[in-house]
Amino acid sequence: MTAADNNTSSAHRRLAVVTGASAGIGEATAVSLAVDGWDVVLAARRPEKLEAVASRINEEAPDATTHVVKVDVTDKESVAELAARVSELGGVDLLVNNAGGARGLDSVVDGDVEDWRWMYEANVIGTLQVTQALFGELTRTPAPQVINIVSIAGRWGYRGGAGYNAAKFGETALSDVMRIEFAEKGVRVCQIDPGRVETEFSLNRFKGDAAKADAVYEDVINLQAADIAETVRWVADRPAHMDVDTVMIRPVDQNLKA
Ligand code: 8X3
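Its first residue numbered 894, the sequence shown is counted upward by one per residue in my numbering.
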């Protein structure tokens, strides 16, 4: 195809919304999709970080259009503003529910109930609210998809993980039911379960304690955010008749030392 063909093409340009797009897996996913020809709504709580991601995309994928939207997925009004913006853009082909995270690594006996509440809100209610708000926008497009970035923590428990495990098991249940209920509307649902990925995840879990966070990733081989982003990009590019149900991805090193 020539450059002129490309410019005059009236083909539908696909739009993705990525939550938690300010860093880590969300940022890498937004970049990967943009490089693959998607336009991207970058959604997260930190607009200055989103602007930096938008600049990165502008360098790496100059043909892509990005839209920066400040959103807190736990706040219904904020999510409604995101949906209004997406509506102005004509609907969304792909929603990547990536926002969420862990707080604390305490035993069940010592667990902080407020940490548990935050994790349920951020991972389960956040995914629910964004999906509810954008569902009508998804069904405006020809082959809509939802990809939920959950975790291996949503498949089995580990010592100190109970609050995060409970939230991620909840998100797994939510994804299962979404898949069943959305099928009749033509919306496919994929769950991606990353294992240990070297991101801000542990810094957030340990509430800014860099020494504790760094220790998680030292002397082991980790996945990088781009490894997960590449999987999202692949799932997003499957034809409409094909539903990739679940993908679990860990560094080999994590299996060896489990
Ligand atoms: C986090 C997965 O393996 O780092 O979602 O606990 S792990």
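A virtual CB, placed ideally from N, CA and C, is assigned to each residue, including glycine.
- Take residue 939, set aside five residues on each side of it, and the residues of its chain with a beta-carbon closer than 7 Å to its own are 915, in chain order.
- Each of 1013, 946, 909 was checked against the Cα of residue 967, and the nearest Cα belongs to 1013.
- For the ligand 8X3, no non-hydrogen atom lies closer than 7 Å to the CB of residue 1062.
- The beta carbon of residue 961 sits closer than 7 Å to the beta carbons of 935, 940, 943, 944, 947 from its chain, once the five residues preceding and following it are set aside; these are given in chain order.
- In this structure, residue 1046 has its CB closer than 7 Å to one or more heavy atoms of the ligand 8X3.
- Residue 940: member of the alpha helix (DSSP H) spanning 940-953, first to last residue.
- Residue 1047 holds the alpha-carbon nearest to the alpha-carbon of residue 1058 among 1065, 1067, 1047, 1136.
- If the five residues before and after residue 1110 are omitted, its C-beta is found closer than 6 Å to the C-beta atoms of 1091, all from its own chain and listed in chain order.
- Taken through DSSP and simplified to helix, strand or coil, residue 967 comes out as coil.
- In terms of CA proximity to residue 925, 1121 leads the group 1145, 1121, 1007.
- In terms of Cβ geometry, residue 913 and residue 991 form a close pair [threshold 8 Å].
- Looking at 1026, 1115, 951, 993, the one whose alpha-carbon comes closest to that of residue 976 is 1026.
- In this structure, residue 995 places its C-beta atom within 8 Å of the C-beta atom of residue 1097.
- Checking the 7 Å criterion, the Cβ of residue 1126 is out of range of every heavy atom belonging to the ligand 8X3.
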